[in-house]
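Q:
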Amino acid sequence: MFTGNVTHKLDPKSRVAIPASWRDAQGATLWLIATHNEGYPILKCYTKESFADMVNGIRTHAEARGVEPVKINQYIGAIIGLSFEAEVSSQGKLLIPKAQRERLNLADNTTIVGRGSYFEIWAPADFEATQTPEALAKLELDKMFGILT
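The opening residue of the sequence shown carries number 93 in this note's numbering; numbering runs sequentially from there.
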């Protein structure tokens, strides 16, 4: 389970250290998807198992709602088409490709945020902007549960 968040420097080769407790095994392969969270560009990073679970969950949920199989396949195909594999090095570092580094506006640092079955890579300022009291107060479910505000 990926929990918490940490800000790490990018090394000169555009690699970031993954927290040691998040590494299943050295040389593990991750599936990355370039997407957005609250309008900010992020990379979602899945293990092989969590990526398969996410895709299967989409299929199961959509089928239960009566979505046509062709539309489900198109959506899942779009997700798979936007994803790419990346390997965690033996030093526990993940290479962030140049195009993704530029898309995220990463300079020297990156923030890695645990989301349970996956983690996200953010520009630190973007992540901080989503953690202000004002931003957290906008979360609908927190009005019900009151954990964050």
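In this text, a Cβ means the ideal position worked out from N, Cα and C, and glycines have one as well.
1. May I ask which residues mark the beginning and end of the beta strand (DSSP E) holding Val-205?
2. Checking 8 Å against the spacing of the C-beta atoms, do Lys-136 and Asn-201 come in under that value?
3. Going by beta-carbon coordinates alone, are Asn-129 and Glu-212 separated by less than 8 Å?
4. Ile-171: which of Thr-127, Phe-219, Ala-221 and Lys-230 sits nearest, CA to CA?
5. Classify Phe-237 as buried or exposed, calling it buried when 16 or more other Cβ atoms lie within 10 Å of its own Cβ.
6. Rounded to a whole number of angstroms, what is the C-alpha to C-alpha distance between Glu-160 and Gly-173?
7. Can you list, in chain order, the residues of its chain whose CB lies under 6 Å from that of Leu-122, leaving out five sequence neighbours each side?
8. Closer than 8 Å by C-beta to Gly-184: which residues in its own chain qualify, once you throw out the five before and the five after it? Chain order, please.
9. Measure how close the beta-carbons of Lys-216 and Thr-95 come, nearest whole angstrom, since I'm counting them as under 8 Å.
10. The alpha helix (DSSP H) that contains Thr-95, what's its start and end?
11. Taking the DSSP output, what are the residues bridged to His-153?
12. For Asn-197, which three-state DSSP category applies?
13. How close, in whole Å, do the beta carbons of Arg-107 and Leu-187 come, if the pair is a contact with beta carbons under 8 Å?
A: Concretely, from the data shown:
1. 201 to 206
2. no
3. yes
4. Thr-127
5. exposed
6. 20 Å
7. Cys-137 and Ala-178
8. Ala-109, Ile-110, Ala-112, Arg-115 and Gln-118
9. The residue you asked about is not Lys; residue 216 is Pro in the sequence shown. At roughly 18 Å, the Cβ-Cβ gap does not stay under 8 Å, so Pro-216 and Thr-95 are not in contact.
10. Per DSSP, Thr-95 belongs to no alpha helix (DSSP H) and is neither H nor E.
11. According to DSSP, which records beta bridges pairwise, His-153 is partnered with nothing at all.
12. coil
13. 5 Å
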